[in-house]
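Data first, discussion second: the structure below is written as structure tokens.
There are 2 protein chains.
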Amino acid sequence: MKEFEEMLHTLHPPSEEKKLTPKQEQILKAAVEVFAEKGYASSSTSEIASRANVAEGTIFRHYKTKKDLLIAIVKPFMRGFAVPFFAARFVQDVFDVPPEKLEDLLKTLIKNRFEFVKENAPLLKIVLQELAFHSELKDQFQEVFIQEIFPKFEEAIYHLKEKGAVVDFPNPTMIRMIMSPIIGFLVTRFLIAPDLPWDDEKELDQTVHFIMHGLSKGTGSSSD
Amino acid sequence: MKEFEEMLHTLHPPSEEKKLTPKQEQILKAAVEVFAEKGYASSSTSEIASRANVAEGTIFRHYKTKKDLLIAIVKPFMRGFAVPFFAARFVQDVFDVPPEKLEDLLKTLIKNRFEFVKENAPLLKIVLQELAFHSELKDQFQEVFIQEIFPKFEEAIYHLKEKGAVVDFPNPTMIRMIMSPIIGFLVTRFLIAPDLPWDDEKELDQTVHFIMHGLSKGTGSSSD
DNA sequence: ATGTAAAGTGAGTAATCACTCACAATTTGA
DNA sequence: TCAAATTGTGAGTGATTACTCACTTTACAT
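Sequence order for the protein chains is G and W.
For the first sequence, UniProt numbering begins at 1 and goes up steadily by one.
For the second sequence, UniProt numbering begins at 1 and goes up steadily by one.
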């Protein structure tokens, strides 16, 4: 019940954007709940209103349409997730560091983003579900991930390849290989089996280990 | 237009289950289309009927509810995907084969399942989307994947660990690491960017390479 | 205290929804 | 050939939907 306030702060960081009225926060909180539970299309504005202890008209006072409400929820989440990747240090850190420390660096980044997702697990579900159907969300995804995060990865990969520490797969393939096990863990951890007794630290370490070894050259057969 | 017949055969293999009337096939074909396009909840039975050139009542003659129609589509797809894993040979093949050939064996299996998914790409989308919301589909998933496929993997992993060829992560973690890059590829290949000029053979080879090396012991740090 | 703008309300609305049913057309079996 | 069973039809139905709007309440500056 308490960590929702932090989540809402993430949704609408107090630094930017106008501050929200209490009812507005209740609406956002209820909408995240309902959207995550039933999916956007199966959620009714009347249920969101009643769960937020608010009249249905109040929702439409602040959000012109139901889809506007969805976007108001998802957009800040995506931007919030991407924030660390905007740091100029990101790429520099990756290729300045000696290869044997790279694993630790990746771990730090991933653990940080893991905590962010952990605090916003329902948002992860909403994004993964609705990205497929709403072009507005796709555009936002394109803006944040493909235009900001992916190029950072590509630059880092470029330097790793130069050092010869890494297999020579195409960049999109390598990025997919880096992200797939991470997303696979996040989805299992928060969506499929959130109630299992997870040792997050261990799982993340093993996931990073898996990625690094999977991308490393050689391992026994030193053919090419 | 033509490969739909094969797909429908996969949906309702002629060996079992009663044969379908032409209208019934049109309904299934249209339903797959519409469900994949707009998602189950946003699809209307009236649109499915009109796209199938069928009266709306005809749908409900064969499927009591809209959800019954969804299940009639998804269930055979899941069963069809699992078929090769039911083969008794599966595990035996994996641990009888010398480790250096294991990669080839995995490739063969994965390429085979890849072709199956390729012929039923819209079904993949429907399953991934709707699994989250319909307990009937979760049950079917449980039945097929968790009770049939996962144990086969566990047995194979047990023998691989015995041979000492593989890191000692928990079985669920290892299964996740095997499946994540494959699912990541399938999702990218068929849902996110199906129109890219894919070299499927190469991508699959690299994905298997990535998995095998990621799970292999050692590579530099032979600490534990 | 008072005027004004913003926030909140909930009954009302037209559209759409999944589903029904009385009936028509077609297929089947003997 | 003909009756019975199966398959197909589409107008009709009650429920639910996102959204509106005339109105009330609250917040705030002077």
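Just so it is clear, CB atoms sit at the ideal spot from N, CA and C, and this is done for glycine as well.
Cα-Cα, which of W/L204, W/I178, W/T173 and W/M174 is closest to W/T188?
Against the second sequence, residue 188 of chain W aligns to sequence position 188. Per the Cα distances, W/L204.
Backbone CA spacing between G/R79 and G/K118 [nearest angstrom]
Taking the first sequence and counting its residues from 1, the one referred to as residue 79 of chain G is at position 79. Taking the first sequence and counting its residues from 1, the one referred to as residue 118 of chain G is at position 118. Taking the straight line joining both Cα atoms gives about 16 Å.
Can you tell me whether G/P14 is buried or exposed, with buried defined as 16 or more other CB within 10 angstroms of its CB?
On the first sequence, residue 14 of chain G is found 14 positions in, with the first residue counted as 1. Confidence at G/P14 is low in this model, with a pLDDT of 43, below 50, so the placement of that residue should be treated as unreliable; the coordinate-derived value is given next. Per the 10 Å Cβ criterion, exposed.
Which residues of chain W have a Cβ atom closer than 9 Å to the Cβ of G/K38, listed in chain order?
Sequence index remark: in the first sequence, residue 38 of chain G carries index 38 (1-based). Chain W residues near G/K38: A41 and F133.
Should G/T207 go down as buried or exposed, given a rule of 16 or more other Cβ atoms within 10 Å for buried?
Residue numbering aside, residue 207 of chain G sits at position 207 when the first sequence is read from its first letter. The residue is buried, with at least 16 neighbouring Cβ atoms inside 10 Å.
If you run the structure through DSSP and keep just helix, strand and coil, what is G/V34?
Within the first sequence, numbered from 1, the residue matching residue 34 of chain G stands at position 34. Helix, per DSSP.
Are the CB atoms of W/N183 and G/G164 nearer to each other than 8 Å?
Your numbering for residue 183 of chain W matches position 183 in the second sequence. Your numbering for residue 164 of chain G matches position 164 in the first sequence. Asn is not the amino acid found at residue 183 of chain W; the sequence shown has Ile there. In this structure, G/G164 does not lie closer than 8 Å to W/I183 by Cβ.
Exposed or buried, which one is W/Q24 when buried takes at least 16 other CB atoms within 10 Å?
Here residue 24 of chain W refers to the residue found at position 24 of the second sequence. Answer is buried; the Cβ neighbour count reaches 16.
Pick from W/K101, W/L186 and W/K152 that is closest to W/F86, judged by C-alpha positions:
On the second sequence, position 86 is the one that residue 86 of chain W refers to. The residue with the shortest Cα to Cα distance from W/F86 is W/K152.
Would you mind working out which of W/I27, W/S180 and W/H209 sits nearest W/E56, comparing C-alpha positions?
Taking the first residue of the second sequence as 1, we reach residue 56 of chain W at position 56. Closest option to W/E56, Cα to Cα, is W/I27.
Compare the C-beta of W/I110 against all C-beta atoms of chain G and say whether one is closer than 8 Å.
What you label residue 110 of chain W is simply residue 110 of the second sequence in a count that begins at 1. No - not a single Cβ of chain G is within 8 Å of the one on W/I110.
Please confirm if G/R176 has its CB atom under 8 Å from at least one CB of chain W.
Position 176 of the first sequence, counted from the first residue, corresponds to residue 176 of chain G. Answer yes: the Cβ-Cβ gap between G/R176 and chain W drops below 8 Å somewhere.
Quick check: G/L123 and G/F77, are their CB atoms within less than 8 Å of each other?
Locating residue 123 of chain G in the first sequence gives position 123, counting from the first residue. Locating residue 77 of chain G in the first sequence gives position 77, counting from the first residue. Yes; because the gap between Cβ atoms is below 8 Å, this pair is in contact.
Using 8 Å for Cβ pairs, my map puts G/R61 next to G/A30. What's the rounded Cβ distance?
If you number the first sequence from 1, residue 61 of chain G lands on position 61. If you number the first sequence from 1, residue 30 of chain G lands on position 30. Not really, about 15 Å apart at Cβ, beyond 8 Å.
Taking 7 Å as the line, does the beta carbon of G/L20 fall inside it for any heavy atom of the ligand MG?
Absence of the ligand MG is noted for the structure shown, with no ligands found whatsoever.
Should G/T173 be flagged as near chain W, meaning a C-beta pair shorter than 8 Å?
For the purposes of this step, residue 173 of chain G is taken as residue 173 along the first sequence, with counting starting at 1. By this cut-off, G/T173 is an interface position.
To the nearest angstrom, how far is it from the Cα of W/A137 to the Cα of W/F81?
The sequence position of residue 137 of chain W within the second sequence is 137, counting from 1. The sequence position of residue 81 of chain W within the second sequence is 81, counting from 1. Note that residue 137 of chain W is Leu in the sequence shown, not Ala. The straight-line gap from Cα to Cα measures roughly 14 Å.
Below 8 Å between beta carbons: does that hold for G/F190 and G/A132?
Locating residue 190 of chain G in the first sequence gives position 190, counting from the first residue. Locating residue 132 of chain G in the first sequence gives position 132, counting from the first residue. Cβ atoms of G/F190 and G/A132: not closer than 8 Å.
Quick one: using the 10 Å Cβ neighbour count with 16 as the cut-off for buried, is W/Q147 buried or exposed?
Position 147 of the second sequence, counted from the start, is the residue given in the question as residue 147 of chain W. That one is exposed.
Whole-number beta carbon distance between W/V83 and W/I126, since they are thought to touch under 8 Å:
In the second sequence, counting from the first residue as 1, residue 126 of chain W sits at position 126. In the second sequence, counting from the first residue as 1, residue 83 of chain W sits at position 83. Between W/V83 and W/I126 the Cβ distance is about 19 Å, and since that is not below 8 Å, they are no contact.
Opening and closing residue of the alpha helix (DSSP H) in which G/Q147 lies:
Your numbering for residue 147 of chain G matches position 147 in the first sequence. Counting along the chain, G/Q147 falls outside any alpha helix (DSSP H), and DSSP gives it neither H nor E.
Hey, W/A41 and G/A193 are a contact pair by Cβ (cut 8 Å); roughly how many whole angstroms apart?
Counting from one through the second sequence, the residue named residue 41 of chain W turns up at place 41. Counting from one through the first sequence, the residue named residue 193 of chain G turns up at place 193. Going by Cβ atoms, the distance from W/A41 to G/A193 rounds to 24 Å, so no, they are not a contact pair.
Going along chain W in order, which residues have a C-beta closer than 8 Å to the C-beta of G/M179?
Residue numbering aside, residue 179 of chain G sits at position 179 when the first sequence is read from its first letter. By Cβ distance, chain W contributes G184.
What's the gap between the Cα of residue 305 of chain G and the Cα of G/S44?
Nothing about residue 305 of chain G can be read from this structure; chain G reaches only from 1 to 224.
Check whether W/L105 and W/V97 have beta carbons under 8 Å apart:
Here residue 105 of chain W is taken as the residue at index 105 of the second sequence, counted from 1. Here residue 97 of chain W is taken as the residue at index 97 of the second sequence, counted from 1. Result yes, Cβ atoms of W/L105 and W/V97 sit closer than 8 Å.
Figure out for me which residue from G/V91, G/L20 and G/L69 has the closest Cα to the Cα of G/A156.
The residue given as residue 156 of chain G occupies position 156 in the first sequence. If we check each option's Cα against that of G/A156, G/V91 comes out closest.
Beta-carbon proximity check, G/G39 vs W/G214, cutoff 8 Å:
Position 39 of the first sequence, counted from the first residue, corresponds to residue 39 of chain G. Position 214 of the second sequence, counted from the first residue, corresponds to residue 214 of chain W. Cβ distance not < 8 Å, so G/G39 and W/G214 don't count as in contact.
Candidates W/T173, W/I178, W/W198 and W/S216: which alpha carbon is nearest G/D199's?
Position 199 of the first sequence, counting from 1, holds the residue named residue 199 of chain G. Minimum Cα distance to G/D199 is reached at W/T173.
Is W/K217 closer than 8 Å to W/V167 when the C-beta atoms are compared?
Position 167 of the second sequence holds residue 167 of chain W. Position 217 of the second sequence holds residue 217 of chain W. Yes, these two residues count as a Cβ contact at 8 Å.
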